[in-house]
Amino acid sequence: MKNKLSARSVAVIGGGPAGLMAAEVLIQGGVRVDLYDAMPSVGRKFLMAGKGGMNITHSEPMEPFLSRYGARRDQIKPLLDAFGPDALREWVHGLGITTFVGTSGRVFPTDMKAAPLLRAWLHRLRETGVHFHMRHRWCGWNENGSLRFVTPQGEHTANADAVVLAQGGGSWARLGSDGAWVPLLERRGISVMPLRPANCGFDVGWSEHFSSRFAGHPVKTVTVTFIDTAGEIHRRQGDLMVTATGIEGGLIYALSARLRDEIAATGAAVIYLDLTPGKDLPRIITEIAHPRGSRSMASHLQSRANIKGVKTGLLRERVPPSDFANPERLAASIKSLPLRLIAPRPLNEAISSAGGVAFKALDECLMVRTMPGVFCAGEMLDWEAPTGGYLLTACFASGRAAGLGVLAHLECGNI
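Sequential numbering from 15 applies to the sequence shown in this note's numbering.
As structure tokens, then:
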């Protein structure tokens, strides 16, 4: 294949995990690869995502793993069948990076860092011949079908036998994923679903007093329950974070797709917090009903129910003052405190985005049906997943699939 394809060139637009993986597959297939990115360096969002520990993938069995992709499970499954979590982990090992499985089942590099992995990968890509073009912002095609780029030196055009678009979604624009590609594809008649925030926080509408005192405080070990309009109960335990306008954190991100869609459909989403998941309601009632003597209510709640700090603040924020004198009603709020979420945070603040190029616009190799030779990968596609390694795994897998699709396309002489 290398001899036959050596005269072919492919442009990869976007230097995140999907674009880099496509470039690796392509260069191994023997074609010339030019990778373009609007930023001064590649992998910026990848590095930011790894700041608190590089969560590469997850070790859970494939069936629950696939369920994390929700409505796009069937579209993502073939990609992961070909390059799933185990294959991704082996690929990381091939870069000389060892990994381990954390207590939550998440997979991390042994040193927890993203930078060594990215450095090793970029070194291998450069050694094998990938050409990198930084500060090249893609602006679509000109009338001759050439790719247009805006660079610090002015406009630049390039020609390629095939193109892989892997420019990310619309979150974290400062790192390069600004969604500017959407109108470029829509003008070509390609179906693009609206970009929406995913893995995002939500506004609650705190009082000034609560916000000024508790913004930035973690709420440790709570259970969140959400009942959607279909009556399905969603329940998760973990930690969340109070923000100036509402709440965020891994516990909320895991439910964000359902919460966002509920708000879009009904105007709000109500979740219920169990502030003491290890104690049942009768026990909390008994503890609170215990005479508190001269102690303050705050001191009483801390000593009897281990409710303190931000949890006490949440109760004060949402529970009528009269209920603090009634052990049954106060205990009921401790075990099921309602929070009304009124809006997701803006797309640019989200960790990732939903929406993107519709799968119906692509063939099984991720090629645009109406534009032979143009492939899409990564967060540009219309899918979403929670944090926990699921996002990265599908980005890697789709980049690989797009690269293989390009090679098959060129091999058949469909140029």
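By construction, the Cβ of each residue, glycine as well, lies at the ideal position given by its N, Cα and C atoms.
Given a cut-off of 9 Å on the beta-carbon distance, is the pair residue i and residue j in contact?
| i | j | result |
| --- | --- | --- |
| Phe228 | Val256 | yes |
| Ala32 | Phe410 | yes |
| Asp217 | Pro232 | no |
| Ile348 | Ile321 | yes |
| Ala172 | Asp48 | yes |
| Met53 | Met148 | yes |
| Gly29 | Phe146 | yes |
| Glu398 | Ala375 | no |
| Gly387 | Gly264 | no |
| Glu342 | Ser366 | no |
| Asn362 | Ser185 | yes |
| Pro291 | Thr326 | no |
| Gly413 | Val178 | yes |
| Ala364 | Ala271 | no |
| Arg250 | Leu269 | yes |
Whole angstroms are fine: how far does the CA of residue j sit from the CA of residue i?
| i | j | result |
| --- | --- | --- |
| Phe389 | Gly260 | 39 Å |
| Arg140 | Ala282 | 49 Å |
| Ser205 | Thr384 | 10 Å |
| Leu406 | Trp155 | 29 Å |
| Gly230 | Ala187 | 23 Å |
| Ala129 | Leu61 | 6 Å |
| Leu189 | Val144 | 22 Å |
| Met15 | Gly44 | Any answer about Met15 is weak, because its pLDDT of 42 lies below 50 and its placement is not dependable; what the coordinates show is given next. When rounded, the distance between both Cα atoms is 7 Å. |
| Asp175 | Ser160 | 10 Å |
| Ala37 | Ala85 | 29 Å |
| Phe240 | Pro78 | 20 Å |
| Thr112 | Tyr404 | 19 Å |
| Asp275 | Gly183 | 18 Å |
| Ala357 | Val333 | 22 Å |
| Gly108 | Ala408 | 19 Å |
| Leu289 | His248 | 17 Å |
| Ile429 | Gly419 | Here the model assigns Ile429 a pLDDT of 47, short of 50, so the residue's position is not dependable and the matter cannot be decided. |
| Ala391 | Met76 | 21 Å |
| Ile41 | Val26 | 11 Å |
| Tyr267 | Asn158 | 44 Å |
| Cys379 | Ser81 | 22 Å |
| Glu169 | Phe224 | 51 Å |
| Lys91 | Ala415 | 12 Å |
| Val324 | Gly64 | 28 Å |
| Leu93 | Gly417 | 12 Å |
| Ala319 | Ala258 | 27 Å |
| Cys452 | Ala194 | Absent from the model: residue 452. The displayed extent of the chain is 15 to 429, so no value can be given. |
| Ser23 | Thr142 | 15 Å |
| Asn340 | Arg359 | 36 Å |
| Gln181 | Val382 | 15 Å |
| Leu199 | Met207 | 11 Å |
| Gly67 | Arg87 | 26 Å |
| Leu315 | Gly116 | 34 Å |
| Thr280 | Leu344 | 29 Å |
| Leu131 | Val121 | 14 Å |
Specify, as a first and last residue, the run of the alpha helix (DSSP H) that residue i falls within.
| i | result |
| --- | --- |
| His248 | Segment Ile247 to Val256 is the beta strand (DSSP E) holding His248; no alpha helix (DSSP H) there. |
| Asp288 | Note, Asp288: premise wrong, no alpha helix (DSSP H); beta strand (DSSP E) at Ala283 to Asp288. |
| Pro296 | Leu295 to Ala303 |
| Pro197 | Trp195 to Glu200 |
| Ser225 | Glu222 to Phe228 |
| Trp105 | Pro99 to Gly108 |
| Met76 | Met76 to Ser81 |
| Trp135 | Ala129 to Glu141 |
| Lys91 | Arg87 to Ala96 |
| Leu424 | Tyr404 to Glu425 |
Terminal residues of the continuous beta strand (DSSP E) containing residue i?
| i | result |
| --- | --- |
| Gly43 | No beta strand (DSSP E) holds Gly43; DSSP gives it neither H nor E. |
| Lys322 | Per DSSP, Lys322 belongs to no beta strand (DSSP E) and is neither H nor E. |
| Ile27 | Ser23 to Ile27 |
| Ile365 | Where Ile365 is concerned, there is no enclosing beta strand (DSSP E), given that its DSSP letter is neither H nor E. |
| Lys65 | Careful: Lys65 lies outside any beta strand (DSSP E) and carries neither H nor E. |
| Cys153 | Arg151 to Trp155 |
Could you tell me which residues DSSP puts in a beta bridge with residue i?
| i | result |
| --- | --- |
| Asp217 | Gly260 and Ala357 |
| Thr113 | Pro123 |
| Met394 | Looking at the DSSP assignment, Met394 forms no beta bridge with any residue, so it has no partner. |
| Glu169 | Val164 |
| Leu376 | Val382 |
Just to confirm, does residue i get its C-beta within under 8 Å of one of the non-hydrogen atoms of the ligand GTP?
| i | result |
| --- | --- |
| Asn156 | As for the ligand GTP, it is missing from this structure, which has no ligand bound. |
| request: Please confirm if the segment 62–76 is in contact with the segment 85–105, defined as three or more CB-CB distances below 8 Å between the two stretches. | output: yes
| message | Between the segment 17–25 and the segment 413–429, can you find at least three pairs of beta-carbon atoms closer than 8 Å? | response | yes
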